[in-house]
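In what follows, a structure is listed as structure tokens, so that the remarks can point back to it.
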Amino acid sequence: MQNLLSRINFDKEVLCGKPIIRGLRISVEMILELLAKGATKEEILQDYPLLEPDDIHAALFYAHSMVSRENIFDRVEDRKAS
């Protein structure tokens, strides 16, 4: 899985430092948005020919690793306090 994360780069000069795929100007956020809106992996790869199948897997794995670090109970308690 670390191999997948090695595809994710950060460069403050590219997309304001957002996580990007292999130094391309394609952000993890954009890939996740396309998937969330119903695009298939095949459609994304066709529309962005510089991407490779593992790039999409890397974006998903990166998102998973970020979400899995969140403490859900703290967020629920924060909402109750509001």
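The sequence shown begins at 13 in the working numbering and counts up one residue at a time.
Just so you know, even glycine gets a beta-carbon here, dropped at the ideal spot from N, CA and C.
| query | Going along the chain, which unbroken runs of the alpha helix (DSSP H) with 4 or more residues stay wholly within the region 26 to 77? | reply | Counting only runs of 4 or more, we get 40 to 48 and 53 to 59.
| Cutoff 8 Å; reference Leu27; Cβ partners in own chain excluding five residues on either side | Answer for Leu27: Arg37 and Ser39, listed in chain order.
| request: Would you mind stating whether Leu46 and Ile56 have Cβ atoms separated by less than 8 Å? | output: Yes, they are a contact pair.
| field | is_contact[Pro61, chain D] using C-beta, thresh 8 Å | value | Absent here is chain D; the protein component of the structure consists of one chain.
| message | Pull the bridge partners of Asn15 from the DSSP assignment, please. | response | Partner(s): none; Asn15 has no beta bridge.
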